[in-house]
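Report on the structure given below.
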Amino acid sequence: CRNVHFQIFSSEDGTWGRYNKIRVHKLQGSKLQRPLARALVVGDDAHWLCLTDKGDYVLKLQVRLVEQVMVTMLPENFPRGGCWYHQLLATSSAGGCPIVLVTDGNKISAWAQSKQTGKWQRRPRVVIEIETILRFLDEAGGSRPPPSPWEVKHEIKLLWFAERSGTVLIKVLINMSTVGYFWLNLQSMKIVRWFSDRGEEYPTGNMPYEMSLAAWVPTFSSTL
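So for the sequence shown, the UniProt record's numbering puts the first residue at 1; every next one is plus one.
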């Protein structure tokens, strides 16, 4: 068994709650393949993708109950290793059921969970392919690296999921050269925007944050 340590922050009171430790059962393996990433919050539930040396799991903590951590195991054919694979927890719609996004360099696939049984489906669906992303890049005025005599290697990195809008920030590389950053809308399964990296690493020194511009109205005052 393992333990999950956490504290809950109240946005109403502006204070942190007590320190909690919950034992997690049904996890096989002696070590994590990587540290637990940022939690996916859906309603009052927090979810984490947990990859061990023996299996792949999704952990679910019901924050208001704070009694147990539910564990569901991903299928045996879930792609778990290799430098070209990237995984990210998301939802296909705002407040919807969790899905696990996986990239293999040529496409982004989504592994869904059955609402009836709670089990993860054995076959993923393709969300978008790399050629579709690169066509958007061409139409947006972006540029690809010059042709190479060597085999072309594509890499798609899943950087961050915006829970309110259901969009994913992704980074695309060709032969280890960055061609830009993209917003992928999961509901329409289409790229909606492209950003040039301008020679800088987008996440370095930045914390992605989602906000409603309609709700943010700056106040201006003048002195006569």
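Here a beta-carbon is modelled for each residue, glycine too, at the ideal position from N, C-alpha and C.
| Item | Value |
| --- | --- |
| Output needed for Lys-153: all residues of its chain with C-beta closer than 6 Å, excluding positions within five of it in sequence on either side, in chain order. | Asn-175 |
| Taking only the alpha-carbon atoms, compute the straight-line gap between Asp-45 and Ile-99 and give it to the nearest angstrom. | 14 Å |
| Tell me the rounded alpha-carbon separation between Ser-143 and Asn-185. | 22 Å |
| For Ala-90, is the classification buried or exposed, using 16 other Cβ atoms within 10 angstroms of its Cβ as the cut-off for buried? | buried |
| Which term fits Pro-124, buried or exposed, when burial requires 16 or more other beta carbons within 10 angstroms of its beta carbon? | buried |
| With DSSP as the reference, label Ile-8 as helix, strand or coil. | coil |
| Take the Cβ of Leu-65 as the centre, count every other Cβ of all protein chains shown within 10 Å, and call the residue buried at 16 or more, exposed below. | exposed |
| Go ahead and pull the three-state DSSP assignment for Tyr-209. | coil |
| Provide the residue span of the beta strand (DSSP E) that contains Arg-125, from first to last. | 125 to 129 |
| I'd like to check one pair, Arg-38 with Ala-94: are the Cβ atoms closer than 8 Å? | no |
| Considering only the alpha carbon of each residue, which of Tyr-57, Leu-101, Pro-35, Ile-130 lies closest to Leu-88? | Leu-101 |
| Go ahead and label Gly-180 buried or exposed: buried means 16 or more other beta carbons lie within 10 angstroms of its beta carbon, across all protein chains shown. | buried |
| For the beta strand (DSSP E) containing Val-172, list its first residue and its last residue. | 167 to 174 |
| Please go through the same chain and pick out, in chain order, the residues whose beta-carbon is closer than 6 Å to the beta-carbon of Trp-48, but skip the five residues on each side of it. | Leu-36, Ala-39, Leu-59 |
| If we call anything under 8 Å between Cβ atoms a contact, is Ile-191 one with Phe-136? | yes |
| Measuring alpha carbon to alpha carbon, tell me which residue in Trp-150, Trp-194, Val-71 is nearest Thr-132. | Trp-194 |
| Using the DSSP secondary-structure output, state which residues sit across from Thr-15 in a beta bridge. | Ser-10 |
| For Leu-224, count neighbouring Cβ atoms within 10 angstroms of its own Cβ and tell me buried if that reaches 16, exposed if not. | Residue placement at Leu-224 is poorly supported in this model, since its pLDDT is 46, which falls under 50; the coordinates still yield a value, given next. Leu-224 comes out exposed. |
| Would you say Val-4 and Val-24 are within 8 Å of each other, going by their C-beta atoms? | yes |
| Give every residue of the same chain whose Cβ lies closer than 6 Å to the Cβ of Gly-43, excluding the five residues on either side of it in the sequence, and list them in chain order. | none |
| In terms of residues, what are the limits of the beta strand (DSSP E) holding Glu-151? | Taken as a continuous stretch (DSSP letters only), Glu-151 belongs to no beta strand (DSSP E), as it is neither H nor E. |
| Is His-86 closer than 8 Å to Ile-156 when the C-beta atoms are compared? | yes |
| Measuring straight from C-alpha to C-alpha, what distance separates Pro-149 and Ser-30? | 43 Å |
| Could you check which residue in Gln-62, Glu-67, Leu-32 has the C-alpha nearest to that of residue 225? | Residue 225 lies beyond the residue range present for the chain, which begins at 1 and ends at 224; the question has no answer from this structure. |
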